[in-house]
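Numbering (our numbering), first residue to last: 44 to 210.
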């Protein structure tokens, strides 16, 4: 038995990656908006729930904040799982997880802001705050790296377990 076998691998690792990347993203967003605009953290979670409820999410209190939190981590799980599935077929994603993860994160930024949000009850994202846009793009690149790192089995990059479907 290899040492890597005793570490978290496979789908539990995807869940762990969703937790780590999701927390990093929430701490970033909550910190940014609290420091720069005085927006309370619960409102960030409610803004995520706005995808379901629109403006009504901001009057829903803890309930809509909870929906926002669950939605956020579910989306993050899908992000990590998607990278994992793609990495089983595309060697470059396993060989260069940091570079490809950063590219993946930028793709996620574009997907969320120009496809998912416009199709949701939240509507098109606002790009008025240049500081937020720049910081958000950088954070999405980091999120992509985290997705890649946790999507791959222990021993990444290029872990043979993932390449052979064992992870």
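Every residue, glycine too, gets a C-beta built ideally from N, C-alpha and C.
Self-check item: Beta-carbon contacts of residue 75 that lie in its chain and below 7 Å, excluding the five residues immediately before and after
Solution: Position 32 of the chain shown, counting from 1, holds the residue named residue 75. Correct list, in chain order: 175, 178.
Exercise. Please report the Cβ distance between residue 164 and residue 97, rounded to the nearest whole angstrom; I am assuming they are in contact, meaning their Cβ atoms lie under 8 Å.
Key: As a working mapping, residue 164 is identified with position 121 in the chain shown. As a working mapping, residue 97 is identified with position 54 in the chain shown. Confirmed, about 4 Å.
Quiz item: Quick one: any contact between the segment 139-150 and the segment 74-92, if contact means 3 or more CB pairs under 8 Å?
Solution: no
Self-check item: the ligand FAD heavy atom lying under 7 Å from the CB of residue 186
Solution: Ligands displayed in this structure: none; no statement on the ligand FAD is therefore possible.
Quiz item: Using the rule of at least 16 other Cβ atoms within 10 Å of the residue's Cβ for burial, across every protein chain shown, is residue 170 buried or exposed?
Solution: Locating residue 170 in the chain shown gives position 127, where the first residue counts as 1. Exposed.
Quiz item: The alpha helix (DSSP H) with residue 117 in it runs from where to where?
Solution: As a first step, residue 117 is located in the chain shown; it is residue number 74 there, counting from the start. 104-130 is the extent of the alpha helix (DSSP H) around residue 117.
Practice problem: Tell me where the alpha helix (DSSP H) around residue 184 begins and ends. | Solution: Along the chain shown, read from residue 1 onward, the residue named residue 184 stands at position 141. Its alpha helix (DSSP H) spans residues 173-194.
Quiz prompt | Per-residue burial, residue 104 [other beta carbons within 10 Å of its own, 16 or more giving buried] | solution = Taking the first residue of the chain shown as position 1, residue 104 is located at position 61. That one is exposed.
Quiz item: Short check: CB of residue 195 to CB of residue 140, under 8 Å?
Solution: As a working mapping, residue 195 is identified with position 152 in the chain shown. As a working mapping, residue 140 is identified with position 97 in the chain shown. Cβ atoms of residue 195 and residue 140: closer than 8 Å.
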